[in-house]
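Numbering of the sequence shown is given in our numbering, commencing with residue 39 and proceeding in unit increments.
No residue lacks a Cβ here, since even glycine has one placed at the ideal position from N, Cα and C.
This structure is a prediction, so every number in the text was calculated from the model and none was measured.
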Amino acid sequence: MSFQSYQLVMKTGPAPGKTYLLEKSEVYIGRDVANDVFINDAEVSRRHARLIQQGGAYLVEDLGSTNGTYVNGQRIGGPSPLHSGDTVYLGENVSLSFEGLLHDRDTMAASAPAPAFVPTPVSPAPSPPPPQEVYPPPQPAYSGRVPPQPIEPLYPEESRSRRVWLWGGCGCLLVLACLAGAATLWYIDANFLWCNLLPFLPNC
């Protein structure tokens, strides 16, 4: 059992030899990229013509284009049937050959090879890099003199701060003790309490 399909082949225009397989029941032709058959030519309108499938064949219809649609040199005013070998003109610059293709369904089904199973290759896990040997930095040659060593501070900054606070606290305590002692002596002397405290004094 056989069936027929159709195609358009550009004879003259921006891409001579280009083939457009007709796979829809309605195929739009024009300069707009949204058309099924896109032809970028100034003679072609944005939506120039339409092919309509009818009874296993196609009709061509002009969609109000500026430069008209022609079949075998005759301008069409309504839907016009197409036959294999007809030439469709869009304006003066573009011509398309309407061609029929005959296919045998049984032959195509028998000759179509079954898809072969292709296993997905599994990439091996990357091997870890070899360990790098670490070498100590080179030491300067000994010249007979001991290299000077950096002098470290006797007391770290934290210990120095603690010592300052400790000495400051001791100084404050000493001042307070002196003031307390002076106040006590003044009180004893002001109240004549020496004889009570030291009765062995000569004037007591």
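Item, Value
"Reduced DSSP category for V71 - H, G, I as helix; E, B as strand; rest coil", "coil"
"Terminal residues of the beta strand (DSSP E) in which V98 lies", "95-100"
"Backbone secondary structure at C210 - three-state DSSP", "helix"
"Rounded straight-line distance, which links the Cα of I90 to that of G115", "15 Å"
"Burial state of N105, where buried means 16 or more other Cβ atoms lie within 10 Å", "buried"
"Residues near L223 by beta carbon distance below 7 Å, same chain, minus five either side", "none"
"Inter-residue spacing [alpha-carbon to alpha-carbon] between S83 and R69", "6 Å"
"Simplified DSSP assignment, three categories, for S222", "The sequence shown places Thr at residue 222, rather than the Ser named in the question. In the structure shown, T222 sits in a helix (DSSP, three-state: H, G or I)."
"Status (buried if at least 16 other CB within 10 Å, exposed otherwise) for L128", "buried"
"In DSSP terms, what P243 is bridged to", "The chain is shown only over 39 to 242; residue 243 falls outside these bounds and no answer can be derived."
"Nearest candidate by alpha-carbon position, reference D124, set R88, V47, A220", "V47"
"Burial state of S118, where buried means 16 or more other Cβ atoms lie within 10 Å", "buried"
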